[in-house]
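The listed protein sequences correspond, in order, to chains P and C.
Each residue of the first sequence is one higher than the one before, counting from 1 in our numbering.
Each residue of the second sequence is one higher than the one before, counting from 1001 in our numbering.
See below for the structure under consideration.
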Amino acid sequence: RKEVEQDPGPFNVPEGATVAFNCTYSNSASQSFFWYRQDCRKEPKLLMSVYSSGNEDGRFTAQLNRASQYISLLIRDSKLSDSATYLCVVNPAGNQFYFGTGTSLTVIP
Amino acid sequence: NAGVMQNPRHLVRRRGQEARLRCSPMKGHSHVYWYRQLPEEGLKFMVYLQKENIIDESGMPKERFSAEFPKEGPSILRIQQVVRGDSAAYFCASSPPRGTGGYYEQYFGPGTRLTVT
């Protein structure tokens, strides 16, 4: 079983829509969780760290469900500039970071 | 505060040559990670280093690949006798030491795109 699994999509949504991505992880002892965004042929950029109580940053909300071992990212009022691949990242206790294969989002005018 | 620096940004090598990729972490960061991303695939962990130490190289191919992070200077990922299958984007990330406060986050450099002809 993979450490981190994401639905690859693609998700094609109209501007202004709300879209949510889920990501599941296999190691119940995992401690830290992140969402990164990656634009085509660019480096991943940290979008949000996911705190146990959930956190919000503008139009973006991240949630963690330890019982079901998943994290989610909600994007409200989608903009064209949100089009990218969103990577779920999990850090079990230790030094490795496990990346999901990413979920592709295209926001359509 | 400059971000993570990588050079070169693009590197072309013929089969059998050596490739050297450099990474300078963010100021204050002592942990360096190398990842490889093949076309249309996700990021794959290769190696994790601290100054003068390899901490985890479980993602490194057993042959031809090596990495170092000397006391002075950048971290180097070295690929000997490159083959076409080594063509990929190689990203370096850095993070602060654990316990220094804040969240244990990684920040990525712009990557080196290696093309083997």
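Glycine residues also receive a C-beta, built at the ideal position from the N, C-alpha and C atoms.
Which value, in whole angstroms, describes the spacing of the CA atoms of residue i and residue j?
i	j	result
Ala-1002/C	Pro-14/P	36 Å
Cys-23/P	Val-4/P	7 Å
His-1031/C	Phe-1091/C	14 Å
Leu-1011/C	Ser-68/P	43 Å
Asp-1056/C	Ser-1094/C	14 Å
Val-1004/C	Arg-37/P	17 Å
Val-90/P	Gln-63/P	13 Å
Ser-49/P	Ile-71/P	11 Å
Do the CB positions of residue i and residue j come within less than 9 Å of each other?
i	j	result
Cys-1023/C	Gly-1085/C	no
Pro-44/P	Leu-105/P	no
Phe-97/P	Gln-1106/C	yes
Leaving out five residues on either side along the sequence, give the residues of the same chain with a beta carbon under 8 Å from the beta carbon of residue i.
i	result
Glu-1018/C	Arg-1078, Ile-1079, Gln-1080, Gln-1081 and Val-1082
Ser-1075/C	Arg-1022, Cys-1023, Ser-1024, Pro-1025, Val-1032, Trp-1034, Leu-1049, Ala-1067, Glu-1068, Phe-1069 and Cys-1092
For residue i, collect the residues of the same chain with a Cβ closer than 6 Å to its Cβ; drop the 5 residues on either side in sequence, then sort them by chain order.
i	result
Arg-1/P	Ser-26
Leu-1021/C	Leu-1077, Tyr-1090 and Thr-1112
Arg-76/P	Thr-18 and Arg-59
Thr-61/P	Leu-74
Gly-9/P	Thr-103 and Ser-104
Phe-21/P	Leu-73, Tyr-86 and Thr-103
Thr-1117/C	Arg-1014
Chain C partners of residue i, CB-CB under 7 Å?
i	result
Gly-102/P	Gly-1042
Asn-91/P	Tyr-1104
For residue i, return the contacting residues in chain P, with the cut-off set at a CB-CB distance below 9 Å.
i	result
Phe-1091/C	Glu-43 and Pro-44
Phe-1069/C	Correct list: empty, because the minimum Cβ distance to chain P is about 13 Å.
So with CB distances below 7 Å, who are the chain P contacts of residue i?
i	result
Pro-1110/C	Glu-43
By the criterion of Cβ-Cβ separation under 8 Å, what are the contact partners of residue i in chain P?
i	result
Phe-1045/C	Gln-96, Phe-97, Tyr-98 and Phe-99
For residue i, which residues of its own chain have a beta-carbon under 7 Å away from its beta-carbon, when the five flanking residues on both sides are left out?
i	result
Lys-1051/C	Ser-1030, Phe-1069 and Lys-1071
Asn-12/P	Thr-106 and Ile-108
(request) Take every Cβ of the region 96-106 of chain P, pair it with every Cβ of the region 1042-1050 of chain C, and state whether three or more of those distances are shorter than 8 Å. (result) The answer is yes - the region 1042-1050 of chain C touches the region 96-106 of chain P, with three or more Cβ pairs under 8 Å.
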